[in-house]
Amino acid sequence: MRRACTYVLGASSAIALLAIAPTAAHAQGAEVFPGSGAPGTSITVNDGNLCAGTAASATSEAFGTITLSQGTETMVGTGTVSNVAAGSYAVRLTCGNGRTASGTFMVTGGTATATPTTTATAKPIGGVGAGGGGTQSDISAAGLAGGGALLVAGGALGVYAMRRRGMGRHTA
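Note that the sequence shown covers residues -27 to -1, 1 to 145 in mature numbering (1 follows the signal peptide of the UniProt record, and there is no 0).
The structure is reproduced here in structure tokens:
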């Protein structure tokens, strides 16, 4: 019976991990650092390993088109926020391997006098040290509740199995 309990707990843990696995897949895509800025702000765009080293470009009304080149770990490119009105702007990443992704960039503040630069002038060294990026926004209450329910159910089943086994030994 102890072996059966181990299998039940192992299976419930695996199910819980599978329930949260789709969240990691959403981490791939257009990542803009910083996530917001005024016109004239220098930005960096990376592909989050979506393009797998193929040609890539990021396009937005906020900064025009940025051509990404191979960095240490991801495809990256730099540019400058254009002289546009404050607001949220869509960012579209297009890979040479046919994959696409989207993101957003928030333009803040007034207008700029700098001329936008939209192509990478030098290959960046290393990745962007910016933490998890936009992965926090992919967390849903339903996903967390479902994962928690699976863990609680697995624990309760394990306790039930252990108590039932212990009850069978007491004979008078």
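Here a beta-carbon is modelled for each residue, glycine too, at the ideal position from N, C-alpha and C.
Quick caveat: nothing in here was measured; it's all calculated off a predicted structure.
- Sequence-distant Cβ neighbours of G69 in its own chain, meaning closer than 8 Å and more than five residues away, are C24, T27, A28, A29.
- Fully enclosed beta strand (DSSP E) runs of no fewer than 3 residues occupy 29 to 33, 37 to 43, 48 to 53 of the region 27 to 61, in order along the chain.
- Taking the C-beta atoms as reference points, G82 is found nearer than 8 Å to A11.
- Judged by beta-carbon spacing, A31 lies beyond the 8 Å limit of G8, meaning their Cβ atoms are not closer than that value.
- Secondary structure at G120: helix, using DSSP grouped into helix, strand and coil.
- DSSP places A74 in the uninterrupted beta strand (DSSP E) bounded by 73 to 80.
- Scanning its chain for C-beta atoms nearer than 7 Å, with the 5 sequence neighbours on each side dropped, one finds around S55 the residues P12, A35, F36, G37, P89, in chain order.
- Your pair T53 and T14 checks out as a contact, with CB atoms roughly 7 Å apart and the cut at 8 Å.
- Here DSSP, grouped into helix, strand and coil, assigns L66 to strand.
- At a Cβ-Cβ threshold of 8 Å, V64 and A3 count as neighbours.
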